[in-house]
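Notes for the one structure printed next.
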Ligand SMILES: [Mg+2]
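Residue numbers (this note's numbering): 1113 to 1320.
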């Protein structure tokens, strides 16, 4: 069975506020929202996850809201130190994947790859997974982790989103999940954390 696997370790990385820096206001808003939502997680098993597709949605950006969000995301840059962490872990045998809640629309996909290229990490990611229309971010990311689990012996996911990190660590109890924690809100949940969930403050802490 093992010889059918592509490798020992796949690292699945969220993009915004994990590999790519986000504005302070967006970070604060998202942190609070994800903590609230992490209390409303559905009880799921990996079998309940929908199948995900690599298809790219060619429909254009729709409406002012999406155009504004797109422009804001396009200005973001890869965080300092990320390239070194990915290079180091790759040298240790890990295979990297981007796993984002950004939509799978062509414009978003292209812009995200540009940002990753500018930040010197595009070539370090084997693939980047986006989220299909109508699918919740946390569900989409978990479904991609499930796909990676069919190909690698271990899968680690790193995210700054409390809801996503909790869901993935509960679904895959034998795999590590890192939660990058900005601020102190999340500490209220520390006692409820699954044993495979680890809170960190910088991405360098994923290097054991
Ligand atoms: Mg994020």
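Heads up, the beta-carbon is just placed ideally off N, CA and C, and yes, glycines get one too.
- Give me whichever residues DSSP pairs with residue 1124 in a beta bridge. Paired residue(s): 1209, 1269.
- Could you tell me whether any non-hydrogen atom of ligand 1 is closer than 8 Å to the CB of residue 1243? With a cut-off of 8 Å, the C-beta of residue 1243 is classified as distant from ligand 1, since no heavy atom of the ligand falls inside that distance.
- Task: Could you name each continuous alpha helix (DSSP H) segment of 4 residues or more that falls completely within the stretch 1128 to 1170, going from the start of the chain to the end?
- Result: 1136 to 1149
- Query: How far does the alpha helix (DSSP H) with residue 1200 in it reach, from first residue to last?
  - Reply: 1194 to 1203
- From 1291, 1263, 1289, 1303, pick the residue whose C-alpha is nearest to that of residue 1118; which is it? By alpha-carbon distance to residue 1118, the top candidate from 1291, 1263, 1289, 1303 is 1263.
- To which residues does DSSP link residue 1264 through a beta bridge? 1119
- Cβ-based burial, residue 1157 [other Cβ within 10 Å; buried from 16]: exposed
- Task: Please look up how many angstroms separate the CB atoms of residue 1290 and residue 1318, rounded, as I've assumed it's under 8 Å.
- Result: 5 Å
- Query: Thinking C-alpha only, which one of 1219, 1286, 1236, 1228 is nearest residue 1133?
  - Reply: 1228
- Query: How close, in whole Å, do the beta carbons of residue 1271 and residue 1126 come, if the pair is a contact with beta carbons under 8 Å?
  - Reply: 4 Å
- Message: If distances are taken between C-alpha atoms only, which option among 1240, 1185, 1261 comes closest to residue 1166?
- Response: 1240
- Item | heavy atom of ligand 1 below 8 Å from residue 1213 C-beta | yes
- Message: Between 1197, 1169, 1282, which has its C-alpha nearest residue 1320's C-alpha?
- Response: 1197
- Task: Can you say whether residue 1216 is buried or exposed, counting buried as having 16 or more other CB atoms within 10 angstroms of its CB?
- Result: Residue 1216 is buried by the Cβ-count criterion.
- Item | Beta-carbon proximity list for residue 1234, same chain, < 7 Å, skipping 5 on both sides | Within its own chain, the residues whose Cβ lies closer than 7 Å to the Cβ of residue 1234, once the five positions on either side in sequence are excluded, are 1225, 1228, listed in chain order.
- Is the beta carbon of residue 1231 less than 9 Å from the beta carbon of residue 1316? no
- Item | N-terminal and C-terminal residue of the alpha helix (DSSP H) that residue 1182 is part of | 1175 to 1186
- Item | Secondary structure of residue 1245, DSSP reduced to three states | coil
- Among the residues of its own chain, which have a CB less than 6 Å from the CB of residue 1220, if the five just before and after it don't count? 1214
- Query: Three-state secondary structure (DSSP) at residue 1314?
  - Reply: In the structure shown, residue 1314 sits in coil (DSSP, three-state: anything other than H, G, I, E or B).
- Query: Since residue 1254 and residue 1280 are thought to touch, with beta carbons under 8 Å apart, how far apart are those beta carbons, to the nearest angstrom?
  - Reply: 5 Å
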